[in-house]
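Heads up: the protein sequence lines correspond to chains A and B, in order. For the first sequence, this note's numbering gives the first residue as 1, with consecutive numbering after it. For the second sequence, this note's numbering gives the first residue as 375, with consecutive numbering after it. For every residue, glycine included, the Cβ atom is placed at its ideal position computed from N, Cα and C. Quick caveat, the model's predicted, so the values are computed rather than measured.
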Amino acid sequence: MAQLILNQVYKKYDGKKKKLFKKQEKNNFAVNGISYTCNDGEFIGILGPSGCGKSTTLRMIAGLEKITAGEIYIGDMLINDLEPKDRNIGLAFEDYALYPPLTVRENLAFNMRAKKKAQNEIDEAIAYVAPLMKIDDLLEMKPSALSGGQKQRVNIARAIVRRPGLLLLDEPLSHLDGKMRQQLRQEIRRMHHEIHCTAIIVTHDQMEAMSLADRIIIMKDGMIQQIGTPLEVYDDPVNEFVAGFIGEPPMNLLHAKIVNKNGGFVFTFAGSELEVQVPKKYGKIVCGGMEVILGVRPTDVMITKKSAAGTQVRIAVYENLGDERRIAVRVGASLVSITTVDDVFYSVGDKVQLAFHEERTHLFDPATGNRIRG
Amino acid sequence: MAQIELCNITKKYKKNTALDDISITIKDNEFFVLFGPAGAGKTTLLKIIAGAEFPQEGLVKIDGKIVNHMESKDRNISMVFENYALYPNLTVYDNIASPMRSRLYRKDENDIKTAVNKVTELMKINHLLERKPSQLSNGQRQRVALGRCLVRNPSVFLMDEPLAHLDAKLRHMMRGELKEMQTSINSTTIYVTHDYTEAMSLADRIAVLNKGKIVQLGTAQEMYFTPRNEFVACLFGEPEINIIEAQIYHESEKVYCKAFNQDVFLYPGTDVGKILTGEERSRVDMGIRGTDIEIAFERPGDDWLEGCVYANEPIGNKVIMTLTAAGNKIAITCPNDTKADLDATVYFKINMDKVLFFDSETKEFITRSDMKKYKKGEETDT
Numbered sequence: 001m002a003q004l005i006l007n008q009v010y011k012k013y014d015g016k017k018k019k020l021f022k023k024q025e026k027n028n029f030a031v032n033g034i035s036y037t038c039n040d041g042e043f044i045g046i047l048g049p050s051g052c053g054k055s056t057t058l059r060m061i062a063g064l065e066k067i068t069a070g071e072i073y074i075g076d077m078l079i080n081d082l083e084p085k086d087r088n089i090g091l092a093f094e095d096y097a098l099y100p101p102l103t104v105r106e107n108l109a110f111n112m113r114a115k116k117k118a119q120n121e122i123d124e125a126i127a128y129v130a131p132l133m134k135i136d137d138l139l140e141m142k143p144s145a146l147s148g149g150q151k152q153r154v155n156i157a158r159a160i161v162r163r164p165g166l167l168l169l170d171e172p173l174s175h176l177d178g179k180m181r182q183q184l185r186q187e188i189r190r191m192h193h194e195i196h197c198t199a200i201i202v203t204h205d206q207m208e209a210m211s212l213a214d215r216i217i218i219m220k221d222g223m224i225q226q227i228g229t230p231l232e233v234y235d236d237p238v239n240e241f242v243a244g245f246i247g248e249p250p251m252n253l254l255h256a257k258i259v260n261k262n263g264g265f266v267f268t269f270a271g272s273e274l275e276v277q278v279p280k281k282y283g284k285i286v287c288g289g290m291e292v293i294l295g296v297r298p299t300d301v302m303i304t305k306k307s308a309a310g311t312q313v314r315i316a317v318y319e320n321l322g323d324e325r326r327i328a329v330r331v332g333a334s335l336v337s338i339t340t341v342d343d344v345f346y347s348v349g350d351k352v353q354l355a356f357h358e359e360r361t362h363l364f365d366p367a368t369g370n371r372i373r374g
Numbered sequence: 375m376a377q378i379e380l381c382n383i384t385k386k387y388k389k390n391t392a393l394d395d396i397s398i399t400i401k402d403n404e405f406f407v408l409f410g411p412a413g414a415g416k417t418t419l420l421k422i423i424a425g426a427e428f429p430q431e432g433l434v435k436i437d438g439k440i441v442n443h444m445e446s447k448d449r450n451i452s453m454v455f456e457n458y459a460l461y462p463n464l465t466v467y468d469n470i471a472s473p474m475r476s477r478l479y480r481k482d483e484n485d486i487k488t489a490v491n492k493v494t495e496l497m498k499i500n501h502l503l504e505r506k507p508s509q510l511s512n513g514q515r516q517r518v519a520l521g522r523c524l525v526r527n528p529s530v531f532l533m534d535e536p537l538a539h540l541d542a543k544l545r546h547m548m549r550g551e552l553k554e555m556q557t558s559i560n561s562t563t564i565y566v567t568h569d570y571t572e573a574m575s576l577a578d579r580i581a582v583l584n585k586g587k588i589v590q591l592g593t594a595q596e597m598y599f600t601p602r603n604e605f606v607a608c609l610f611g612e613p614e615i616n617i618i619e620a621q622i623y624h625e626s627e628k629v630y631c632k633a634f635n636q637d638v639f640l641y642p643g644t645d646v647g648k649i650l651t652g653e654e655r656s657r658v659d660m661g662i663r664g665t666d667i668e669i670a671f672e673r674p675g676d677d678w679l680e681g682c683v684y685a686n687e688p689i690g691n692k693v694i695m696t697l698t699a700a701g702n703k704i705a706i707t708c709p710n711d712t713k714a715d716l717d718a719t720v721y722f723k724i725n726m727d728k729v730l731f732f733d734s735e736t737k738e739f740i741t742r743s744d745m746k747k748y749k750k751g752e753e754t755d756t
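If you want it as structure tokens, here you go:
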């Protein structure tokens, strides 16, 4: 049981490596001054695209990478210079790294044997974790006889068998196929519910982070973009990057210009005659001529067929996926996607009216990507 | 523009039968999707149409002409492979231009330039024209491969998982572009995928393959609403459809089902009831989609079932809640603000009008309520 604190942590790869990572030469840091606190028993997801520094962060916490600057605490103990084996951490990586000549049981016992634990203590620990990860029936088998999903179960069981204060998971599900991934995701969550250790999972799959974590840290270019619960990062993104990264299908992000019209404001779009009323909440902060990025989720766009006043747009794509319909319309050069559970049918080329859910429309600054709040 | 006929195609690799007596007619201008799990034979079938593999038995006809012994290059086919197959020594521009420089389909350099520019703009790779494939990411390579396939106007497009290596965001966008393009190109397209959303979204018709055989042939709506068996039902939809065994009882004239060892009467509706009674069944498999189950935290009435929260996964616009009841797991799609503690007791109600009924032994589809609405235009496969 432990609280994990990162305080202004930096990581810089030096020497030859730098040439390999062209991007880093610009800002030089793979991890650029990140601070956060994982509460005791919390499940944290670190989410970001490849190269954002999420795995490096995890490796620094585990002690596999040196920290360039900053401090990492577990509880109130500074662990910067502690050997990995003394940090009381359980680790599971994407590849399973099981010892092939040993049975599953021996694999699980290996670390405890190394620490000269008593046999009955080892047996007890294995008897506890095996049902948690559903590997009771596999204990006497060799890794070569196991499927990918089973190997990863064993791998995670091995990470928790010593009951570490902190559990670190690096993309544990990315090798597995869809169905197995979903199943194991649920089981990891249940395992955490049972043993309640502080846990961190690194992933590039937003679905995985959303469904597993209590809170998500979203990283880009070595920096934290936002920390929040799954619902917070989905409903209230702080910038354009988070808005576009979270959600499937992704949020529509449209370049728009605000124009005065009839005493109010409307959004206009390059290459399109479409005009959309600026929601009232933004009335005080926008002005004519201002350029913004308008963000609206596919579930928050409404279309109607009625041919009253207002500009019409053309249906470009209609997809019926059984339980929902996905529709896209052309606005200038971009496709605006719409998701609805209503049983509607459109043909390509149909003209429709477009409206955005006022409360759930976000504005971002095109220069910085930061959210503009009403 | 071409109609493709496959007649009794059988392909064996030594002792393994990859394709077993496949017959399909793909109509002119149709967007036809081959769909199924890994190892189903989708790619093998595509290669046979392309002329890269040869069947031991059966005929391949393009526009009525047998092409079994015609070379690939003479079939006027354009193909994109999953592993890109780009020329490593050529730039992106030259790679995409290459089909139009071949001896058979040579075009004027000016025409090539126009065509390449058009397609690279569509694929959003026009800034990469001077690069070599080694300087591209996998997603970019895939788009170059797709671009090279689309640049020409052949009579048949063959596409093998062309979006598989793209990230979710790009895949979603490219699918939209492809779908929009589909209306403007005058070619027959055969598209291989294992992603059901791609299959449903793009296809005029889908052939579901499993172990070298066609399981079902029809439109996306038929696959989703009247799947031939539980295998097909499980392939379409996310979360996967819940298959629950139920017991059938009779009470005077009325038929009802019971499931999860709970004393709750589930009425399948009169027309379904008649079919179930007529066949004197004592049990049946119910296929229930996550969207057709309602959930409540207090029991709202006697017709609600009881379950225990196994997992609660917010995925943005919805929450997937998994319950356990009498050893079954049930996945339910809930609104995105639903919250529940693990192992809490909750109540759920099945929308019986949407349930698919399958034979518990053979796993074949029996019926569903309002069957007439869905039966219209149903095609029987060979």
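| Query | Result |
| --- | --- |
| B/Arg526 vs B/Leu537 beta-carbon contact at 7 Å | no |
| Under 9 Å from the C-beta of A/Pro100: neighbouring residues of chain B | Under the 9 Å cutoff, chain B gives no residues; its nearest Cβ is about 25 Å from A/Pro100. |
| For A/Ala355, the three-state DSSP class (helix, strand or coil) | strand |
| Contiguous beta strand (DSSP E) assignments of at least 3 residues, all confined to the region 592-673 of chain B | 616-625, 628-633, 657-662 and 667-670 |
| Against chain A: residues of the region 550-563 of chain B by CB proximity under 8 Å | Gly550, Glu551, Lys553, Glu554 and Thr557 |
| Distance CB(B/Gly664)-CB(B/Thr707) smaller than 7 Å | yes |
| DSSP state of B/His546 mapped onto helix, strand, coil | helix |
| Where the region 528-542 of chain B meets chain A: residues whose CB sits under 9 Å from a CB there | Asp541 and Ala542 |
| Exposure label - A/Cys287; buried when at least 16 CB within 10 Å | exposed |
| Near-chain B residues of the region 300-330 of chain A - C-beta to any C-beta below 8 Å | Ala316, Val317, Glu319, Asn320, Leu321, Gly322, Asp323, Arg326 and Ala328 |
| Residues near B/Thr754 by beta carbon distance below 6 Å, same chain, minus five either side | In this predicted model, B/Thr754 has a pLDDT of only 42, less than 50, meaning its place in the structure is not dependable; the value taken from the coordinates is given anyway. Nothing meets the Cβ criterion. |
| Sheet register partners of A/Gln206 (DSSP bridge) | DSSP output for A/Gln206 lists no bridge partner at all. |
| Helix, strand or coil at A/Phe111 [DSSP, three-state] | Strictly speaking, residue 111 of chain A in this sequence is Asn, with Phe absent from that position. In this structure, A/Asn111 counts as helix in the three-state DSSP scheme. |
| CB contact below 7 Å: B/Leu679 versus chain A | no |
| Limits of the alpha helix (DSSP H) - the one that B/Leu679 falls within | Looking at the DSSP string, B/Leu679 is not in any alpha helix (DSSP H); the run it does join, the beta strand (DSSP E), is Leu679 to Pro688. |
| Members of the region 240-258 of chain A that neighbour chain B once the beta carbon cut-off is set at 9 Å | Gly244, Phe245, Ile246, Gly247, Glu248, Pro249 and Pro250 |
| Backbone CA spacing between B/Ile622 and B/Gly643 [nearest angstrom] | 13 Å |
| Host alpha helix (DSSP H) of A/Asp123 (start-end) | Gln119 to Leu132 |
| Cross-chain neighbours of B/Asn442 in chain A, by beta carbon under 9 Å | Here the premise fails: no neighbours, minimum Cβ distance about 35 Å. |
| Cβ of B/Pro709 within 7 Å of any chain A Cβ | no |
| Residues of its chain near A/Thr340, where Cβ-Cβ distance is below 6 Å and the 5 sequence neighbours each way are ignored | Arg325 |
| Bounding residues of the beta strand (DSSP E) (the contiguous stretch that carries A/His362) | Thr361 to Phe364 |
| Sequence-distant residues of the same chain with beta carbon closer than 7 Å to A/Asn28, five excluded per side | Lys12 |
| Meets three-Cβ-pair contact criterion under 8 Å: the region 325-338 of chain A and the region 592-604 of chain B | no |
| Per-residue burial, B/Gln509 [other beta carbons within 10 Å of its own, 16 or more giving buried] | exposed |
| Nearest-angstrom Cβ-Cβ length linking B/Thr562 and B/Ala376, presumed shorter than 8 Å | 5 Å |
| CA-to-CA distance, A/Ile44 to A/Ala2, given in whole angstroms | 13 Å |
| Range of the contiguous alpha helix (DSSP H) that encloses A/His193 | Gly178 to Ile195 |
| Reduced DSSP category for B/Phe405 - H, G, I as helix; E, B as strand; rest coil | strand |
| Residue-level contact to chain A via CB, B/Ser575, 7 Å cutoff | yes |
| Cβ of B/Glu753 within 7 Å of any chain A Cβ | Its pLDDT being 44, under 50, B/Glu753 is placed unreliably in this model, and the coordinates cannot settle the point. |
| Segments of 3+ residues assigned as beta strand (DSSP E) that fall wholly inside the region 426-507 of chain B | 431-436 and 451-454 |
| The region 454-464 of chain B contacting the region 476-496 of chain B, beta-carbon criterion three pairs below 8 Å | no |
| A/Ile285, buried or exposed, once every other Cβ within 10 Å from all chains shown has been counted against 16 | exposed |
| Identified DSSP bridge partners for A/Glu42 | Partner(s): none; A/Glu42 has no beta bridge. |
| Closer than 9 Å at the beta carbon, the chain D residues around B/Thr571 | No chain D is present in this structure, whose protein chains are A and B. |
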